[in-house]
DNA sequence: TATGAGTGTTAGTGGTAACTTACATATTAG
DNA sequence: CTAATATGTAAGTTACCACTAACACTCATA
């Protein structure tokens, strides 16, 4: 019965399907709320969009990367992070794709700009990990590699669905990717 | 003075900026042509869009990947392909980003769907290369890695501009990525 | 010269969408 | 019970846009 929750749920559902192109009418209908209520609360569609999305991002994509970064074994650390993020991203694939699409179009604030968010969070994690190990590494290159892996599973055609792998298979996959990333690091 | 060329150039310019959301009015203005001319020639905006984009894709992204695939040394082959495609993609970054955005929204035909096009073309190249070498490799995994690299340079924030690297630096970068991909292959 | 194809101009149609206004109703707090 | 606050309904405003119709103009070719 909480209107706010109703609105958020309806808005997310509609926005995932249509992005910012969705009309406030559709959102109102899906949320079971009068259109004018949306405007009274959020003033503009854009504000509704960013408000809702900021909220969702924190809930669904909040990461404990700095915890994971404490793992001393780099291969293990990479495997964990890949496994963790890949799962979240693929589980929310439609949402992620919508955010990427809007981001590429350039009408997203920094707070909900997924490439921005992912990349900077990865960099922080990597910095933390290698700082602890007192190891000098090209953080940008490394973060880019990881980001590329994630993007590839969200954007490229995907026949052998990641969703349908057993958790062991996922772990193996993550490990394989981790080794690939690792191979560009060890030379120090 | 060729109207067709005028229209194509104007349309591309506008579509790159705004995607399919661009209005036919804008296109007409940019092309220096009456709006109705667009409709007389292409019937619908969608048809104009796909016609123009199909044309551009062939011109700018046409690849000789099967030639490159003849290189026997896998590391060299990978380096060449990465260098080659990365250059094309980054040079046409705005176009690529627009196409990715539209593709993620799901309103693109197969012919101009960039992830589709890139992925299948990569797979063909890899298949050809490893077939020649009589080597069995997980093509999908490998193509995904390559695709991820490309996507990362187009989508992730990019401070140390790829554009501004010397050709030697680019080659080194491509080589580094190639080695990373290679490291997941050699185990056979 | 006449014909036809391609183009421009102008106006218009029908639809949609963001956002507003005015008023009525419901809900809640003091 | 009352007053403030949140909500719904319905109608409207303004702007944009895909697409069409009507008519006049240019120009090449037969």
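Chains as they are written, first to last, in the numbering used here: chain W, 527 to 714; chain Z, 527 to 714. Where is the CB? At the ideal position from N, CA and C, for every residue including glycine. A quick note: this is a predicted structure, and the numbers were derived from the prediction, not measured.
Beta-carbon contacts of residue i that lie in its chain and below 7 Å, excluding the five residues immediately before and after
i                      : result
residue 542 of chain W : 620, 621 and 624
residue 635 of chain W : 576
residue 647 of chain W : 589 and 591
residue 571 of chain Z : 550
residue 642 of chain Z : 636
residue 629 of chain W : 639, 640 and 641
residue 669 of chain Z : 645, 648, 649 and 652
residue 487 of chain Z : Only positions 527 to 714 of chain Z appear in this structure, which leaves residue 487 of chain Z out of reach.
Reduced DSSP category for residue i - H, G, I as helix; E, B as strand; rest coil
i                      : result
residue 663 of chain W : coil
residue 654 of chain W : helix
residue 639 of chain Z : coil
residue 588 of chain W : coil
residue 536 of chain W : helix
residue 583 of chain W : helix
residue 616 of chain Z : helix
residue 714 of chain Z : The predicted model places residue 714 of chain Z with a pLDDT of 47, which falls under 50 and marks its position as unreliable, so this point remains unresolved.
residue 634 of chain Z : coil
residue 694 of chain W : helix
residue 552 of chain Z : helix
residue 684 of chain Z : coil
residue 545 of chain W : helix
residue 706 of chain W : helix
residue 722 of chain Z : There is simply no residue 722 of chain Z to check, as chain Z begins at 527 and stops at 714 in what is shown.
residue 649 of chain Z : helix
residue 595 of chain Z : coil
residue 559 of chain Z : coil
residue 528 of chain Z : coil
residue 699 of chain Z : helix
Under 7 Å by beta carbon: chain W residues contacting residue i
i                      : result
residue 645 of chain Z : 682 and 683
residue 670 of chain Z : 678 and 682
Same chain, Cβ closer than 6 Å to residue i, five either side skipped, listed in chain order
i                      : result
residue 557 of chain Z : 532, 533 and 536
residue 607 of chain W : 594
residue 701 of chain W : 605
residue 654 of chain Z : 592 and 595
residue 522 of chain W : Residue 522 of chain W lies beyond the stretch modelled for chain W, which goes from 527 to 714, so this question has no answer here.
residue 711 of chain Z : 663
residue 552 of chain Z : 540
residue 633 of chain W : none
residue 651 of chain Z : 591 and 595
Residue i: contacting residues in chain W (beta-carbon distance under 8 Å)
i                      : result
residue 707 of chain Z : 706
Neighbourhood of residue i by C-beta, 8 Å cutoff - its chain only, sequence neighbours within 5 removed
i                      : result
residue 680 of chain W : 615, 616, 619, 622, 623 and 626
residue 659 of chain Z : 598 and 600
residue 631 of chain Z : none
residue 545 of chain W : 624, 627 and 628
residue 548 of chain Z : 540 and 541
residue 714 of chain W : Confidence at residue 714 of chain W is low in this model, with a pLDDT of 48, below 50, so its placement is unreliable and the value that follows should be read with caution. Cβ neighbours of residue 714 of chain W beyond the five flanking positions: 661, 662 and 663.
Under 9 Å from the C-beta of residue i: neighbouring residues of chain W
i                      : result
residue 666 of chain Z : 685 and 686
residue 653 of chain Z : Here the premise fails: no neighbours, minimum Cβ distance about 15 Å.
Within chain Z, the residues that residue i reaches when beta carbons sit closer than 7 Å
i                      : result
residue 631 of chain W : 545 and 627
residue 538 of chain W : By Cβ distance, chain Z contributes nothing, its closest Cβ being about 17 Å from residue 538 of chain W, past 7 Å.
residue 675 of chain W : 674
residue 710 of chain W : 702, 705 and 706
Contact list for residue i against chain Z, beta-carbon separation under 8 Å
i                      : result
residue 623 of chain W : 630
residue 642 of chain W : 683
Practice problem: Give a yes or no on contact between the segment 668-678 of chain Z and the segment 606-618 of chain Z, applying the rule of three or more CB pairs nearer than 8 Å. | Solution: yes
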